[in-house]
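One gets my numbering by counting positions in the sequence shown from 1 and adding 5 to each.
To start, the structure under review is shown below, and the notes come after it.
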Amino acid sequence: MAINIKLDDLIYPYFVVDGSGIKEEIESFPGQFRFSIDRLIEDIGESVKLGIGRILLFGIPDRKDVLGAEAYKNGNLIAETVRKIKNRFPDLVVITDVCLCSYTTHGHCGIISDHRLKTIDHRPNIDTKKTVEVLAKIALTHAAAGADWVAPSAMAKGQVLAIRKALDACGYKDMKIMGYSAKFASNFYGPFRNAAASAPKFGDRRAYQLDCSNGKAALKEIADDIKEGADVVMVKPALSYLDVIKEARLRFSHPLAAYNVSGEYAMLKAYIKTIDHRPETRDREKNLVFEILTSIKRAGADTIITYHAKDVAGWLKE
Ligand code: PBG
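Quick look at the structure:
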């Protein structure tokens, strides 16, 4: 059966910063920008006009600290952004990333319990209990602002359950959770880390993200997230993990998302620019993007988070 990519299959990510009048292209991430809220609203207006129905928001605050307090303080950047977006575009499904890496000075996704003890291989000591408490607090501020789904991406054990409990207790029973369930410690996150200035300042994320050789662990993480109450589970990145997507599809009937990450996107952009010199850039890019998205959908993903979404929306309108 033919696989058609539809706009309803896609989620478009956006990066938001403090300030006003800002729309700056991100280093090594062609066609993707950091927006202040005012300029973001303009761009979302274009996306909505093109038919995009779901967006994923990442906050990049000016101020960071060791505890990531900017992520959950009253009137935090994402809460303000969500409020303004929902005010203007009530039907747009707004999904918020719930993590600490762009809010902490050390750039890790959790609360570090003891900075002296970085362990022999320089992996951080993440305090999982404290981390999930903080993630739940962040999710509540997004829910109160009117977000439709939250997407916890810290890979802290028990994060989905903690967030589900906190949301239910505060009356947000309808709010959905999309778990970044099977998130690999990947080399394909480079442009995103430029965007969010979220590269770890020491060590790496192997202490809490999955090893690329371990497909079994990925399936266990997905099963755990389903048990904890995730409405949607995710495999990330997509292209080097199509087998994991396929396996998850065969094993679980849950809604399944795949994240076509920044490095995958940037690789295609570089290929178009420097390697593939067939004429008609627009068609080349369009055909490559559709081939890639089709492969992810063929593997079994219902939903694809992709930086190509706005271009796809334009192409589908032609
Ligand atoms: C971290 C997070 C990352 C991405 C989304 N959330 C990167 C990381 O683990 O450093 C990457 C997405 C992309 O590369 O497009 N919470």
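Cβ coordinates follow ideal geometry from the N, Cα and C atoms, glycine included.
These figures come from a predicted structure and were not determined experimentally.
Using CA atoms only, rank isn't needed, just tell me which of the options is closest to residue i.
i: ILE31; options: ILE297, SER267, ALA149 and TRP320; result: SER267
i: GLY3; options: ASP229, ALA314 and GLU323; result: Lying outside 6 to 323, the shown extent of the chain, residue 3 is not represented and no answer is given.
i: THR146; options: ILE182, GLY163 and LEU172; result: LEU172
i: ILE60; options: LEU45, GLU296 and ARG210; result: LEU45
i: SER258; options: ILE309, ARG88 and VAL237; result: VAL237
i: THR308; options: ILE49, GLY58 and ARG39; result: GLY58
i: VAL21; options: ASP48, ASP179, ARG169 and SER33; result: ASP48
i: PRO196; options: GLY50, PHE38, LYS134 and CYS114; result: PHE38
i: PRO205; options: TYR19, ASN9 and ILE131; result: ILE131
i: ASN81; options: PRO95, PHE94, LYS91 and PRO66; result: PRO66
i: ILE27; options: PRO18, ILE42 and ALA200; result: ILE42
i: ALA141; options: ILE116, LYS170 and HIS113; result: LYS170
i: VAL137; options: SER118, GLY163, SER158 and GLY112; result: GLY163
i: SER33; options: PRO242, LYS322, ASN199 and LYS54; result: ASN199
i: TYR264; options: GLY115, ARG289, ARG211 and ILE310; result: ILE310
i: GLU51; options: LEU244, ASN9, ILE90 and ASP216; result: ILE90
i: LYS135; options: ALA74, VAL294, ASN92 and HIS282; result: ALA74
i: LEU298; options: GLU323, LEU244 and ARG256; result: LEU244
i: VAL87; options: SER203, GLY208, LEU62 and ALA202; result: LEU62
i: LEU72; options: ILE117, ASP216 and PHE207; result: ILE117
i: ALA7; options: GLU296, LYS322, VAL317 and PHE94; result: GLU296
i: ALA201; options: ASP316, ASN9 and ASP23; result: ASP23
i: ARG128; options: GLY112, ILE168 and GLY208; result: GLY208
i: PHE193; options: PRO242, ALA167, ASP216 and SER203; result: PRO242
i: HIS113; options: PRO18, ASN79 and SER158; result: SER158
Among the residues of its own chain, which have a CB less than 7 Å from the CB of residue i, if the five just before and after it don't count?
i: ALA76; result: LEU105, TYR108 and ILE143
i: TRP320; result: LYS291
i: GLU29; result: PHE38 and ARG39
i: ARG256; result: LEU224
i: LEU55; result: LYS315, ALA318, GLY319 and LYS322
Please report the residue range of the alpha helix (DSSP H) in which residue i lies.
i: GLU138; result: 133-150
i: PRO196; result: 195-201
i: ILE182; result: Here ILE182 belongs to no alpha helix (DSSP H); instead the beta strand (DSSP E) covers 181-188.
i: ILE168; result: 164-174
Since residue i is in the beta strand (DSSP E), which residue starts that stretch and which ends it?
i: THR308; result: 308-311
i: PHE38; result: 34-41
i: GLU30; result: 28-31
i: ARG303; result: No beta strand (DSSP E) contains ARG303, which is instead part of the alpha helix (DSSP H) from 286-304.
i: GLY64; result: 59-65
i: LEU321; result: Taken as a continuous stretch (DSSP letters only), LEU321 belongs to no beta strand (DSSP E), being part of the alpha helix (DSSP H) at 314-322.
i: LEU15; result: 15-22
i: ALA156; result: 154-157
Which same chain residues end up closer than 6 Å to residue i when comparing Cβ atoms and leaving out the 5 residues on each side of it in sequence?
i: ALA235; result: VAL165, ILE182 and GLY184
i: MET160; result: LYS188, TYR213 and GLN214
i: TYR270; result: TYR312
i: GLY64; result: VAL21, LEU82 and ILE83
i: ALA190; result: ARG210, ARG211 and GLN214
i: VAL294; result: HIS313
i: ILE25; result: Reading off the sequence, residue 25 comes out as Ser, not Ile. Counting only Cβ-Cβ distances below 6 Å, and skipping sequence neighbours, we find SER41 and ASP43.
i: THR133; result: ALA161 and LYS162
i: GLY85; result: One point to set straight first is that residue 85 is Glu, not Gly, in the sequence displayed. Excluding sequence neighbours, GLU85 sits near nothing in its chain.
Within its chain, find whatever has a CB closer than 8 Å to the CB of residue i; leave out the 5 residues flanking it on each side and keep chain order.
i: ALA253; result: ALA187, ALA223, LEU224, ILE227, VAL238, VAL240, LEU261 and GLY305
i: ALA148; result: VAL155, LEU172, CYS175, TYR177 and MET180
i: ARG289; result: ILE277, ASP281 and ARG283
i: VAL53; result: PHE94 and LEU97
i: THR110; result: LYS69, ASP70, VAL71 and LYS206
i: THR286; result: ILE277
Query raised in the report: At a cut of 8 Å, does the segment 147-155 reach the segment 91-103 through at least three beta carbon pairs?
Result: Counting Cβ pairs under 8 Å, three or more are found: they touch.
Requested in this report: Taking 8 Å as the threshold, find out whether the segment 219-232 comes into contact with the segment 242-251 through three or more Cβ pairs.
Outcome: Below 8 Å, enough C-beta pairs join the segment 219-232 and the segment 242-251 to call them touching: three or more.
Query raised in the report: Are three or more beta carbon pairs between the segment 13-26 and the segment 294-309 nearer than 8 Å?
Result: At 8 Å Cβ cutoff, the stretches touch.
**Report entry** Residue ranges of each alpha helix (DSSP H) within the segment 207-269, 4 or longer
**Finding:** You should have 220-233 and 247-256.
Requested in this report: Assess, as a yes-or-no matter, whether the segment 272-279 is touched by the segment 229-239 under the definition of 3 or more beta carbon pairs within less than 8 Å.
Outcome: The count of Cβ pairs closer than 8 Å, one atom from the segment 229-239 and one from the segment 272-279, stays below three, leaving the stretches out of contact.
Query raised in the report: Of all the alpha helix (DSSP H) runs that stay within the bounds of the segment 74-131, which reach a length of 4 or more residues?
Result: Listed in chain order, the complete alpha helix (DSSP H) runs (minimum 4 residues) inside the segment 74-131 are 82-93.
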